[in-house]
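Asker: For the protein sequence lines, the chains are A and B, in the order given.
Here my numbering is used: the first residue of the first sequence is 7, the next is one more, and so on.
Here my numbering is used: the first residue of the second sequence is 7, the next is one more, and so on.
Note that CB positions come from ideal geometry on N, CA and C, so glycine has one too.
2 protein chains.
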Amino acid sequence: MSAERWDSAVSRSDAPTAAGDARRYAPLPEPFVLERGGELRGGVVAYETWGRLNARRDNAVLLFTGLSPSAHAAASPEDPSEGWWERMVGPGKAIDTDRWFVVCVNSLGSPFGSSSPASIDPATGERWRLRFPEISIGDIATGGWWVLRHLGLARLAAVIGPSLGGMVVLAFVAKHPGVARSLVSISGSPGASPVAIALRSVQREAILRDPDWHGGQYAPDAPPRTGMRLARKLGTITYRSAAEWKDRFGRQRIARGGDQGIAPVREANAFAPEFQIEGYLEAQAEKFVRSFDANCYLYLSRAMDRFDLAPDEGERVRVLAHAGLESALVIGVESDFLFAIDEQEALAAALQAAGVATRFARLDSREGHDAFLVDIEGFDPPIRQFLAAL
Amino acid sequence: MSAERWDSAVSRSDAPTAAGDARRYAPLPEPFVLERGGELRGGVVAYETWGRLNARRDNAVLLFTGLSPSAHAAASPEDPSEGWWERMVGPGKAIDTDRWFVVCVNSLGSPFGSSSPASIDPATGERWRLRFPEISIGDIATGGWWVLRHLGLARLAAVIGPSLGGMVVLAFVAKHPGVARSLVSISGSPGASPVAIALRSVQREAILRDPDWHGGQYAPDAPPRTGMRLARKLGTITYRSAAEWKDRFGRQRIARGGDQGIAPVREANAFAPEFQIEGYLEAQAEKFVRSFDANCYLYLSRAMDRFDLAPDEGERVRVLAHAGLESALVIGVESDFLFAIDEQEALAAALQAAGVATRFARLDSREGHDAFLVDIEGFDPPIRQFLAAL
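#1: Give the single residue among A:Thr55, A:His375 and A:Ala52 whose Cα lies nearest to the Cα of Thr244 of chain A.
#2: Counting only beta-carbon atoms, is Pro200 of chain B nearer than 8 Å to chain A?
#3: Roughly how many whole angstroms lie between the Cα atoms of Asp227 of chain A and Glu88 of chain A?
#4: Can you find the residues in the same chain that come closer than 7 Å, C-beta to C-beta, to Arg390 of chain A, ignoring five residues on each side of it along the sequence?
#5: Is the beta carbon of Trp56 of chain A closer than 8 Å to that of Thr103 of chain A?
#6: Would you say Glu284 of chain A reaches chain B, if we count a Cβ-Cβ gap shorter than 8 Å as a contact?
#7: Taking only beta-carbon atoms, is Met7 of chain B less than 8 Å away from chain A?
#8: Can you give the Cα-Cα distance for Pro279 of chain B and Ile260 of chain B, rounded to whole angstroms?
#9: By a C-beta neighbour count over all protein chains shown, 10 Å radius and 16 as the cutoff for buried, is Gly263 of chain A buried or exposed?
#10: Can you confirm whether the stretch 333-349 of chain B touches the stretch 245-260 of chain B when touching is taken to mean that 3 or more C-beta pairs between the two stretches lie within less than 8 Å?
#11: Which residue comes first and which comes last in the beta strand (DSSP E) that contains Trp152 of chain B?
#12: Arg215 of chain B versus chain A: which residues are under 7 Å apart at the beta carbon?
#13: Give me the Cα-Cα distance between Asn301 of chain B and Lys293 of chain B, rounded to the nearest whole angstrom.
#14: State yes or no: is the beta carbon of Trp134 of chain A nearer than 8 Å to at least one beta carbon in chain B?
#15: Helix or strand or just coil, what does DSSP make of Tyr400 of chain B?
#16: Classify Gln282 of chain B: buried if its beta carbon has 16 or more other beta carbons within 10 angstroms, exposed otherwise.
#17: Report the partner residues of Glu132 of chain A according to the DSSP bridge assignment.
#18: Using only the alpha-carbon positions, how far apart do Lys252 of chain B and Glu383 of chain A sit?
#19: Assuming Val174 of chain A contacts Leu331 of chain A (C-beta within less than 8 Å), just tell me the rounded distance between them.
#20: Can we count Glu92 of chain A as close to the ligand ATP, meaning its CB is less than 7 Å from some heavy atom?
#21: Alpha helix (DSSP H) containing Glu321 of chain A: first to last residue?
#22: Tell me which same chain residues have a C-beta within less than 6 Å of the C-beta of Pro385 of chain B, skipping the five on either side of it?
#23: Enumerate in chain order the residues of its own chain whose CB-to-CB distance from Val323 of chain A is below 7 Å, with the five nearest sequence positions on each side excluded.
#24: Assuming Arg188 of chain B and Ala352 of chain B form a contact by the criterion Cβ under 8 Å, report the distance between their Cβ atoms to the nearest whole angstrom.
#25: At a cut of 8 Å, does the stretch 136-143 of chain B reach the stretch 66-81 of chain B through at least three beta carbon pairs?
#26: Any Cβ of chain B within less than 8 Å of the Cβ of Gly119 of chain A?
#27: Taking the alpha-carbon positions, what's the Ala327 of chain B to Glu45 of chain B distance?
#28: Strictly under 8 Å for the Cβ-Cβ distance: is Arg207 of chain A near chain B by that measure?
#29: Just tell me which of A:Val339, A:Leu154, A:Leu157 and A:Glu319 has its CA closest to the CA of Ser193 of chain A.
#30: Would you please verify whether the beta carbon of Trp219 of chain B is less than 8 Å from any beta carbon of chain A?
#31: Which complete beta strand (DSSP E) runs does the stretch 184-223 of chain B hold, if anything under 3 residues is left out?
#32: Starting from the C-beta of Ala309 of chain A, find all residues in its chain whose C-beta is less than 6 Å away, skip the five residues before and the five after it, and write them out in chain order.
#33: What is the C-beta distance between Trp152 of chain A and Ala32 of chain A, in whole angstroms, given that I count them as a contact (C-beta under 8 Å)?
#34: Are any of the Cβ atoms in chain B nearer than 8 Å to that of Leu369 of chain A?
#35: Looking at chain B, is there any beta carbon in it that lies within less than 8 Å of the beta carbon of Asp64 of chain A?
#36: Might you give, ordered along the chain, the residues of its own chain that have their beta carbon closer than 7 Å to the beta carbon of Ala291 of chain B, omitting 5 neighbours on each side?
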């Protein structure tokens, strides 16, 4: 991913803020009332776009992201740096910007331009931190809806989202029925599972109990590193799969003067990283500490736990039947530990039962939950075919 | 599990140390040289026994444990408290103490009586802490071998071990060929997988970076609680399965004045445990902080990472072919995330290729890695049948 810029000033102008920055900002209403009862004033949602809206205004596609990316899904003239879904979004690609006007939204609560615990409360000139109202997956969806309104778009050809975004698209069609003609949910979930809640709970606790978290009052250059490192290492483990790592790292040691076996001497630190897989986790963790904000992480993580499209199957079908969808694509990965394939299957079944023409793509990618970022060969065809048929 | 007593004084006598304590102690040689090059002086291995050795001295069964239990596998006249495998070990049970003389060993490095970082170095009168030599799975196996020697046992009908113990039994037959006639490896592994190494690496880091760890110099009543809690919560997640938790906890909230849905009001602490699965993790974590020692955890955890019976498949078969085994039972659980079923399958195949009459029991228990502690209905029959046929 390109360098992220959560420290840059948030402008409410609709022009990109700086050279190399393609973000635009849609204002939220005053106040923006959140699902859990809080209110946000001076709120904005950052977004980027690719392609052009056609004369009939019927070629818009809205893209929500996973937990950690920004709205920079792909390079553009304003920001030529590589985007988080560069191989999927662009001219001639599966999400073809020659045909579609693609809008990617930075989730409300994320530190990459949208209002979040890391952004400045205009009323005080201080960062919101924990005074930021609690957000839900539905609030993130509605943040995207305000971007559409800002752009004068009443209808979408499709709303697309992977991972956390795969939850957001469901909240979007439930809360704003009739806006999206079709939906693409990728490695998402119709309701957070207990094992995913458990993992996120441990990740949050690592941050909350890091003395450097300081009750959320850490300085931007002194974040709760240990907590963030642990959270991301654990995340990384659950984003990929055991089989991938077996092939990729096996039991290879980190090279140390050619020692590849069990050294018969005691090392300086018996618990220092010794296996290549440990070095890989280190790299992922350090990258995350540099690019993401701890308070934002806590908010988004908890919002995922609380997401449940409906409390039971019948109600789930009812909600989806009233969403105004013509068609849907659900993509799941068999090796996904975090958003298990049976959750994707249940979602596809509910859509079908709701009368939506649904395709369920069950992929055998070995990259687990993160496969949508890596296994483009697997993900390109179902997305390309689905969008081409719209 | 019953209350553990890692603070009690270690006696070298062979009589139980105290009322309600069934432990006996076998001395290690002076010095005990460890696989990674260190030396231990004044070392002991704690064990308990059930049943009686017969006149032919051919009915001994040696039992190694997982990471966290003591040698107290089952109740006995000396210690009537419930053991960690109470439903499996006893008169008429699958490991039938009417027939077998069962010896359960507390792993070297574990805090329940055997020499460990938490025990007293007789040379200094101080706890060993990080001066304790690095241990390997092979050293734990050899610790068990010295217990046999202490008891005057030259041969075993079977050596049995689950989880970490499932690794130890392999090291045992490799390092001490001809001692065990048969082997039972339960949810073990012939070589730690990268995903298991990754998980343990995160668990250790949580402890190592806890300021209360103090480089291993914490007081026994002021352990690195946060690190231990995080390590155990993560462990608990990987010991069970997503499917079990879905049925058992689902998305149920912790009862708070009857609030079972999304409350429209902001709670005092938005990140406090809210789901029942989080309460379950809390209980597991607190129990572990009270019962286990952090330095011991670090040593045993790293020893598991480093275990590899042999660097390749051919060598693995060669080692097993020279172990003197007549028969073997390998039990694996399909929902085991930590010691995956394909590792069990590979072990069974290697034993078979080594000319050992091998039975592979593939269980569909939904309790994951911990199933051997819980799903006695599933585990009793294969173990009972295997031992009955010896």
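Answerer: This is what the structure holds:
#1: A:His375
#2: yes
#3: 25 Å
#4: Ala100
#5: yes
#6: yes
#7: Caution is warranted here: a pLDDT of 34 is assigned to Met7 of chain B, below 50, making its placement in the model unreliable, and no coordinate value can be reported.
#8: 8 Å
#9: Interpretation of Gly263 of chain A is limited by its pLDDT of 48, a score under 50 that renders its predicted location unreliable; no figure is taken from the coordinates.
#10: yes
#11: Looking at the DSSP string, Trp152 of chain B is not in any beta strand (DSSP E); the run it does join, the alpha helix (DSSP H), is Ile143 to His156.
#12: Thr232
#13: 17 Å
#14: no
#15: Coverage of chain B is limited to positions 7 through 396, which leaves residue 400 of chain B absent and any answer about it impossible.
#16: buried
#17: A:Asp127
#18: 32 Å
#19: Actually they do not touch by this definition, with Cβ atoms about 15 Å apart.
#20: In terms of ligand content, the structure shown is empty, and the ligand ATP therefore cannot be addressed.
#21: Glu319 to Ala327
#22: Inspection of the sequence shows that residue 385 of chain B is occupied by Phe rather than by Pro. Closer than 6 Å at the Cβ level, and outside the excluded window around Phe385 of chain B, lie Phe378.
#23: Ala356, Ala359 and Ala360
#24: Rather than Arg, the amino acid found at residue 188 of chain B in this sequence is Ser. Not confirmed; about 19 Å, so no contact.
#25: no
#26: no
#27: 30 Å
#28: Reading the sequence as shown, one finds Ser at residue 207 of chain A and not Arg. So yes, Ser207 of chain A belongs to the interface.
#29: A:Val339
#30: no
#31: 188-192
#32: Ile141, Ser142 and Ile143
#33: 5 Å
#34: no
#35: no
#36: Arg235, Arg238 and Lys239
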